[in-house]
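Quick notes on the structure that follows.
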């Protein structure tokens, strides 16, 4: 008999003597009291483990990735603790837990054979986290769907786009990932000018324009660059401006550049063509 059992027996005898009840009822009351203590101890342990894992260890070393991994680790440990509490409580109440554990093992084996996809999803989720493919808060593109990772666990990932649509995808189905939050982004703005435009004039005025962009748009990290002519299209001579931006800001910066660009070209009498087709009518033979 271990120390706890000796202590429980002593408390039961003392309780039966003091309040004049039979030994069986006294033992039951002591057992219930110990179970309550176990519950409060487990609650304290789960909070302590969550604090230690998230605050003290993983967050310092792996930032956002560590936060995701820490929450999963803490959740798994908490589940184990509560299961252990349940087994201890049942044993204290005189219930033989050996058949329960054996049944749980058999059930787990049966579920394992029938839940291969679940196992695949969990394994894939584990490697996504360990390889730091993405984490909560990243902007990613998976299967043509682009959005922000709102939550993830070992089995599924939730991604929400700017329109509010939410993609819920099993981690085992993630085959190709584009992570837009890994490095600084690049705003790319293509625009066209009329074929009659004086290209030397455009090349002369654009440096001042891109310099103004860099000064006025705070999301631009480095000076914007005018690349010049990039292609000759059916209706226009196409040109390009690029600007390094903060993570996730490239689309907003592109909109701002386009707005400023239209005004700038109009002020400088540079024609922006619309799609057009020139038709040559053949002369009829007489």
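Numbering (the numbering used here), first residue to last: 24 to 309.
Virtual Cβ for every residue (Gly too), placed ideally from N, Cα, C.
No experiment lies behind these values; they were computed from the predicted model shown.
Separation of residue 212 and residue 186 (C-alpha to C-alpha, rounded to the nearest whole angstrom) is 23 Å.
Apart from the 5 residues on each side of it in sequence, residue 201 sits with its Cβ closer than 7 Å to the Cβ of 163 and 164 in its chain, given in chain order.
Residue 264 and residue 274 have their C-alpha atoms some 14 Å from each other. Residue 246 and residue 234 do touch by the CB rule: their CB atoms are close to 7 Å apart, below 8 Å. Taking 8 Å as the cut-off, the Cβ atoms of residue 147 and residue 101 do not count as close. Considering only 189, 218, 243 and 149, the residue with the shortest C-alpha distance to residue 280 is 243. Nearest to residue 220 by C-alpha distance, out of 143, 262 and 70, is 262. Counting the other CB atoms within 10 Å of its CB gives residue 260 a total of 16 or more, which places it among the buried residues.
For residue 275, no pairing in a beta bridge is given by DSSP. Distance check between residue 236 and each of 266, 222, 208 and 253 places 266 closest, using alpha-carbon atoms only. In the three-state reduction of the DSSP assignment, residue 170 falls in the strand class. Every beta strand (DSSP E) stretch that sits fully inside the stretch 221 to 268 and reaches 3 residues is listed by chain position as 248 to 255 and 260 to 268. In the structure shown, the three-state DSSP call for residue 205 is coil. Leaving aside the five residues that flank residue 144 on each side, the residues in its chain whose CB is nearer than 6 Å to its CB run, in chain order, 178, 193, 194 and 195. In this structure residue 251 is exposed. Its beta-carbon is surrounded by fewer than 16 other beta-carbon atoms within 10 angstroms. Looking from the CA of residue 55, the closest CA among 113, 107, 103 and 65 belongs to 113. In the DSSP assignment, residue 181 forms a beta bridge with 174 and 191.
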